[in-house]
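**Q** First the structure, which I've put down as structure tokens, then a few questions once you've had a look.
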Amino acid sequence: MIVYVNGQWMDDSTASVSFQDRAFVFADAVYEVVYIYKGTYFKMDLHLERMQNGLDKLRIPFRADDLRSVFDELLQRNPGIERGILYVQVTRGAAPRAHGLPRLEQPTVVAYVKPLQYDSRIWDNGGRAVFVEDLRWHMCNIKTTGLLLNCMAKETALERGCDDAIFHRGEIVTEASASNLFIVKDGNLVTHPNGPWILPGITRHVVIELAGKIGIPVIERPFTKDELLAADELFLTGTTSEVAPYVEVEGQPIGNGQVGPITRRIQKAFRQATGM
Ligand code: PDD
17 MIVYVNGQWM
27 DDSTASVSFQ
37 DRAFVFADAV
47 YEVVYIYKGT
57 YFKMDLHLER
67 MQNGLDKLRI
77 PFRADDLRSV
87 FDELLQRNPG
97 IERGILYVQV
107 TRGAAPRAHG
117 LPRLEQPTVV
127 AYVKPLQYDS
137 RIWDNGGRAV
147 FVEDLRWHMC
157 NIKTTGLLLN
167 CMAKETALER
177 GCDDAIFHRG
187 EIVTEASASN
197 LFIVKDGNLV
207 THPNGPWILP
217 GITRHVVIEL
227 AGKIGIPVIE
237 RPFTKDELLA
247 ADELFLTGTT
257 SEVAPYVEVE
267 GQPIGNGQVG
277 PITRRIQKAF
287 RQATGM
């Protein structure tokens with residue numbers, strides 16, 4: 017695999033960054049994961065826009081848009097990826113450890129593409145989730161590499177024989193470990209509004225748009241764990257999870273415990289949008 021590191025093309029076995037990189041020391045970095053469908057990036061403009069917002073909020077002086085040609089070249093240098101992902105990370109750069117933000121000339125940029133082994137188990141049959149208290153910070157709308165609590169939540173789910181963890185702040189459900197979350201109630205989609213507690217997901221955005229087109233109303237408002245458990249249907253959205261039905265939470269069936277009809281309609285519309 018040929019990867020991009022700071023302006024150079026390298027084999028992944030030799031690519032490296034400094035031990036003083038601020039991403040390594042402070043998670044001082046933003047990242048994006050972009051899906052590749054049929055050899056083409058899905059919703060690249062939206063990913064670049066979100067990355068730029070994150071860079072600006074963290075005061076990392078870098079133009080995300082300048083990476084477009086790098087991303088195109090990655091596909092050329094790693095040909096034949098029909099279905100896969102792009103991972104890109106931009107860090108403030110390398111500097112001796114200090115809490116104040118150094119004015120660095122050279123951010124660190126790492127980007128690679130890789131094929132995805134598609135697994136349709138959850139898409140087809142639905143997954144099972146646990147609740148985990150959301151102890152993350154109040155800037156979850158920035159896609160930083162500081163994902164330790166997301167990783168620990170996912171691990172809690174796996175240890176309990178489930179597929180994913182659903183975060184809640186007190187009674188309010190926010191999102192999942194690496195996905196946004198929608199419930200279906202009485203024919204409406206309900207999802208937590210954008211803001212400091214969730215990532216403004218690109219897939220979430222696409223699903224809201226698609227729901228509008230196929231006549232399913234979407235309500236963006238906070239909702240509780242009890243509302244989730246009493247929902248008719250539940251699904252997660254994310255670049256790698258796509259539209260993932262969940263049929264059980266904390267051992268309790270959601271609706272009748274089967275993937276529901278509204279989720280299936282959203283999945284169908286999503287498949288069409290991705291061209292797969
Ligand atoms: N995660 N919420 C969180 C916490 C996420 O990490 C992600 C994506 C999402 C969904 O966003 P999008 O639809 O733009 O992918 C929501 C990526 C895929 C990851 O960390 O691997």
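For what it's worth, the working numbering labels the leading residue of the sequence shown as 17, then goes sequentially.
No residue lacks a Cβ here, since even glycine has one placed at the ideal position from N, Cα and C.
Every value quoted in this text rests on a predicted model; they were computed, and no experiment measured them.
1. How big is the Cα-Cα spacing for arginine 75 and alanine 192?
2. Does the segment 40-50 come close enough to the segment 65-85 that 3 or more CB-CB pairs lie under 8 Å?
3. Do glutamate 249 and isoleucine 230 have their C-beta atoms closer together than 7 Å?
4. With distances taken Cα to Cα, identify the nearest neighbour of alanine 110 among Asp202, Asn22, Val265.
5. From which residue to which residue does the beta strand (DSSP E) around proline 131 run?
6. Quick one: give me the first and last residue of the alpha helix (DSSP H) that phenylalanine 87 is part of.
7. I need the straight-line Cα distance from tryptophan 139 to glycine 254, nearest angstrom please.
8. When the Cα atoms are used, what is the spatial distance from tryptophan 153 to tyrosine 20?
9. Which of the three DSSP states, helix, strand or coil, is assigned to alanine 145?
10. Keeping to the same chain, check which residues put their C-beta closer than 8 Å to that of methionine 60; ignore five residues upstream and five downstream.
11. So which of Ser29, Phe198, Ala39, Gln92 has the shortest CA-CA distance to proline 238?
12. With DSSP as the reference, identify every bridge partner of phenylalanine 251, one or two as the case may be.
13. Three or more C-beta pairs under 8 Å: does that hold for the segment 96-103 against the segment 125-134?
14. Proline 112 to glycine 162, Cα distance in whole Å?
15. Can you look up aspartate 27 in the DSSP assignment and give me helix, strand or coil?
16. Can you list, in chain order, the residues of its chain whose CB lies under 7 Å from that of glycine 273, leaving out five sequence neighbours each side?
17. Let's test the definition: count the other Cβ atoms within 10 Å of the Cβ of histidine 115 and tell me whether it reaches 16, buried, or not, exposed.
18. So for tyrosine 19, helix, strand or coil by DSSP?
19. Identify which residue in Ala173, Thr256, Asn204 has its Cα closest to the Cα of valine 234.
20. Who's in the neighbourhood of the ligand PDD, going by beta-carbon under 6 Å from any heavy atom, listed in chain order?
**A** So, from the listed chains and residues:
1. Rounded to whole angstroms, arginine 75 to alanine 192 spans 27 Å at the Cα level.
2. The segment 65-85 vs the segment 40-50: in contact.
3. In this structure, isoleucine 230 does not lie closer than 7 Å to glutamate 249 by Cβ.
4. Answer by Cα proximity: Asn22.
5. First-last of the beta strand (DSSP E) with proline 131: 124-131.
6. Note, phenylalanine 87: alpha helix (DSSP H), 84-93.
7. If I take the Cα positions, the gap works out to 12 Å.
8. The C-alpha of tyrosine 20 is placed about 31 Å away from the C-alpha of tryptophan 153.
9. Strand, per DSSP.
10. Counting only Cβ-Cβ distances below 8 Å, and skipping sequence neighbours, we find Val50, Arg84, Phe87.
11. Distances from the alpha-carbon of proline 238 to those of Ser29, Phe198, Ala39, Gln92 put Phe198 closest.
12. Paired residues: Phe198, Pro261.
13. Yes, they touch.
14. Between proline 112 and glycine 162, the C-alpha separation is close to 20 Å.
15. In the structure shown, aspartate 27 sits in a strand (DSSP, three-state: E or B).
16. Correct list, in chain order: Val263, Glu264.
17. Exposed: under 16 other Cβ atoms inside 10 Å.
18. Here residue 19 is valine; the residue named in the question, tyrosine, does not match the sequence. Three-state result, valine 19: strand.
19. In terms of Cα proximity to valine 234, the closest of Ala173, Thr256, Asn204 is Asn204.
20. Answer in sequence order: Val49, Asn166, Glu191, Ala194, Ser195, Asn196, Leu215, Gly217, Ile218, Thr219, Arg220, Thr253, Gly254, Thr255, Thr256.
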